[in-house]
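Student: Protein chains in written order, with my numbering: chain A, 750 to 915; chain B, 750 to 915.
Shown below is the structure under consideration.
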């Protein structure tokens, strides 16, 4: 029995997504603001915004949103997509929602003709779990920009080829 | 005698900037479109747009725009700025306009409290001259994302620290 459902974001999800983003210990205030702005843009302008948002909800005893992914085509590239955020409610973690959602994102990117997914993340210790999750999902670190977010906090770029290159 | 002038972009510059962008052999159609959209956003919303555009014009026998730079604060970072484009009209190249303009951008970023400038560029052969220009200006390649723009066309990230790190 399928215990989850993945669907496009809708306006009624907004406050629940805000709750999830604010509950994420890894987001600072500016990141919370940015994440919610992207949700707003995706709701307002649809895929014209450049952002695609998918919700994962559990369909168990009570229907509830466990998290969401925000991704979209990387400007000026042929077939590259950025996974901007994947956020799972802390109370829903460790149940496979993240793994299921990222697999769905990859299938959707392939369907849209994408060949590669990129994820940018921080080198801070608090991201260790996130990085292990990406690595287990088949992403590998392909580049690092030192002192990007702050001095001592690097940007790591993870990448996964979704199709075999010739 | 100063033979150039650097100033903020104005609406009347728009068609001349379009001419310069279209004359640049390195820009494909999508890049031309993106560059002109950024000019439009900067003219419409000023620095709220996230883009700062500075014009360099020669003040010789006839006043004419030689090129422009587009830069702005990199979202989610502390003190990092992106130099999105620096474009000099092909007929005005080799006269020091690029060098003068990039030095002005660096001074402006410092004034605004920035500590680092990033430039993303392509690994295609046609960018060799551009890359040599960045290197002579003190930028060094700090990261590379293979097959970013297209398969076989990598993204190179160049960086310059504008302040001594402790």
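Don't be surprised by glycine CBs; every beta carbon is placed ideally from N, CA and C.
1. Within 10 Å of its beta-carbon, does residue 829 (chain B) have 16 or more other beta-carbons around it, so buried, or fewer, so exposed?
2. By how many angstroms is the C-alpha of residue 816 (chain B) removed from the C-alpha of residue 838 (chain B)?
3. Determine whether the Cβ of residue 752 (chain A) lies closer than 8 Å to any Cβ atom of chain B.
4. Does residue 893 (chain A) come within less than 8 Å of chain B when only Cβ atoms are used?
5. If you measure between the beta carbons of residue 775 (chain B) and residue 879 (chain B), is that distance less than 8 Å?
6. Going along chain B, which residues have a C-beta under 7 Å from residue 778 (chain A)?
7. Using three-state DSSP, classify residue 773 (chain A) as helix, strand or coil.
8. Exposed or buried, which one is residue 847 (chain A) when buried takes at least 16 other CB atoms within 10 Å?
9. One question on the structure: do residue 884 (chain B) and residue 905 (chain B) come within less than 8 Å of each other, judged by their Cβ atoms?
10. Looking at the structure shown, is residue 857 (chain B) part of a helix, part of a strand, or coil, going by DSSP?
11. Quick one: grab the DSSP three-state call for residue 885 (chain B).
12. Helix, strand or coil for residue 779 (chain A)? Go by DSSP, reduced to three states.
13. Closer than 8 Å by C-beta to residue 760 (chain A): which residues in its own chain qualify, once you throw out the five before and the five after it? Chain order, please.
14. Enumerate in chain order the residues of its own chain whose CB-to-CB distance from residue 822 (chain B) is below 6 Å, with the five nearest sequence positions on each side excluded.
15. Do residue 902 (chain B) and residue 865 (chain A) have their C-beta atoms within less than 8 Å of each other?
16. Just confirm the distance between the C-beta atoms of residue 767 (chain A) and residue 785 (chain A), as a whole number of angstroms; I'd bet it's less than 8 Å.
17. Can you pull the chain A residues whose beta carbon is under 9 Å from the beta carbon of residue 898 (chain B), in chain order?
18. Kindly list, in the order they appear in chain B, the residues whose Cβ is closer than 8 Å to that of residue 906 (chain A).
19. When you compare the CB positions of residue 892 (chain B) and residue 892 (chain A), do they come within less than 8 Å of one another, or not?
20. Within a Cβ cutoff of 6 Å, which residues of the same chain sit near residue 920 (chain B), ignoring the five residues on either side of it in sequence?
21. Report the CB separation of residue 780 (chain A) from residue 832 (chain B) in whole angstroms; it is logged as a contact under 8 Å.
22. So what's residue 836 (chain B) in DSSP terms, helix, strand or just coil?
23. Cβ atoms of residue 850 (chain A) and residue 769 (chain A): under 8 Å apart, would you say?
24. Need the endpoints of the beta strand (DSSP E) that residue 874 (chain A) sits in, please.
25. Please say whether residue 753 (chain A) and residue 747 (chain A) have beta carbons closer to each other than 8 Å?
26. Is the beta carbon of residue 834 (chain B) closer than 8 Å to that of residue 818 (chain B)?
Tutor: This is what the structure gives:
1. As a first step, residue 829 (chain B) is located in the second chain; it is residue number 80 there, counting from the start. Classification for residue 829 (chain B): buried.
2. On the second chain, residue 838 (chain B) is found 89 positions in, with the first residue counted as 1. On the second chain, residue 816 (chain B) is found 67 positions in, with the first residue counted as 1. The alpha-carbon of residue 838 (chain B) is positioned some 6 Å away from that of residue 816 (chain B).
3. Taking the first chain and counting its residues from 1, one reaches residue 752 (chain A) at position 3. Proximity of residue 752 (chain A) to chain B, defined by a Cβ-Cβ separation below 8 Å, is not satisfied.
4. If you number the first chain from 1, residue 893 (chain A) lands on position 144. Closer than 8 Å to the CB of residue 893 (chain A) there is at least one CB belonging to chain B.
5. Position 26 of the second chain, counted from the first residue, corresponds to residue 775 (chain B). Position 130 of the second chain, counted from the first residue, corresponds to residue 879 (chain B). Contact check for residue 775 (chain B) against residue 879 (chain B) passes: the beta carbons are separated by less than 8 Å.
6. Working through the first chain from its first residue, we reach residue 778 (chain A) at position 29. Result: empty, since nearest Cβ-Cβ is about 11 Å, beyond 7 Å.
7. Position 24 of the first chain holds residue 773 (chain A). Coil at residue 773 (chain A), not helix or strand.
8. Here residue 847 (chain A) refers to the residue found at position 98 of the first chain. Answer is buried; the Cβ neighbour count reaches 16.
9. One-based indexing of the second chain puts residue 884 (chain B) at position 135. One-based indexing of the second chain puts residue 905 (chain B) at position 156. Cβ atoms of residue 884 (chain B) and residue 905 (chain B): not closer than 8 Å.
10. Within the second chain, the letter at position 108 stands for residue 857 (chain B). Annotated three-state conformation of residue 857 (chain B) is helix, per DSSP.
11. If you number the second chain from 1, residue 885 (chain B) lands on position 136. Here residue 885 (chain B) sits in helix by DSSP.
12. Within the first chain, numbered from 1, the residue matching residue 779 (chain A) stands at position 30. Correct three-state label for residue 779 (chain A): helix.
13. In the first chain, the residue the question calls residue 760 (chain A) occupies position 11. Non-local beta-carbon contacts of residue 760 (chain A) in its own chain, meaning distances under 8 Å to residues more than five positions away in sequence, involve 792 in chain order.
14. On the second chain, position 73 is the one that residue 822 (chain B) refers to. Same-chain partners within the cutoff: 830.
15. Position 153 of the second chain holds residue 902 (chain B). Position 116 of the first chain holds residue 865 (chain A). Taking C-beta atoms as the reference points, residue 902 (chain B) and residue 865 (chain A) fail to come closer than 8 Å.
16. Counted from its first residue, the first chain places residue 767 (chain A) at position 18. Counted from its first residue, the first chain places residue 785 (chain A) at position 36. The pair is a contact, with the Cβ atoms about 6 Å apart (cut-off 8 Å).
17. Taking the second chain and counting its residues from 1, one reaches residue 898 (chain B) at position 149. Going along chain A in sequence order, the residues near residue 898 (chain B) (Cβ under 9 Å) are 825, 826, 827, 829.
18. To locate residue 906 (chain A), count along the first chain from 1; it is residue 157. Ordered by position in chain B, the residues that pass the 8 Å Cβ test against residue 906 (chain A) are 892, 894.
19. As a position in the second chain, residue 892 (chain B) is number 143, starting the count at 1. As a position in the first chain, residue 892 (chain A) is number 143, starting the count at 1. Yes, they are a contact pair.
20. This structure gives no information on residue 920 (chain B), because the portion of chain B shown stretches from 750 to 915.
21. The count along the first chain starts at 1 and reaches residue 780 (chain A) at position 31. The count along the second chain starts at 1 and reaches residue 832 (chain B) at position 83. In this structure residue 780 (chain A) does not touch residue 832 (chain B) by the C-beta definition: roughly 24 Å separates them, more than the 8 Å allowed.
22. For the purposes of this step, residue 836 (chain B) is taken as the residue at position 87 of the second chain. Strand at residue 836 (chain B).
23. For the purposes of this step, residue 769 (chain A) is taken as the residue at position 20 of the first chain. For the purposes of this step, residue 850 (chain A) is taken as the residue at position 101 of the first chain. No, the Cβ-Cβ distance between residue 769 (chain A) and residue 850 (chain A) is not below 8 Å.
24. Here residue 874 (chain A) is taken as the residue at index 125 of the first chain, counted from 1. Looking at the DSSP string, residue 874 (chain A) is not in any beta strand (DSSP E), and its letter there is neither H nor E.
25. This structure cannot settle anything about residue 747 (chain A), because the visible part of chain A is limited to 750 through 915.
26. On the second chain, residue 818 (chain B) is found 69 positions in, with the first residue counted as 1. On the second chain, residue 834 (chain B) is found 85 positions in, with the first residue counted as 1. Note that the C-beta distance between residue 818 (chain B) and residue 834 (chain B) is below 8 Å.
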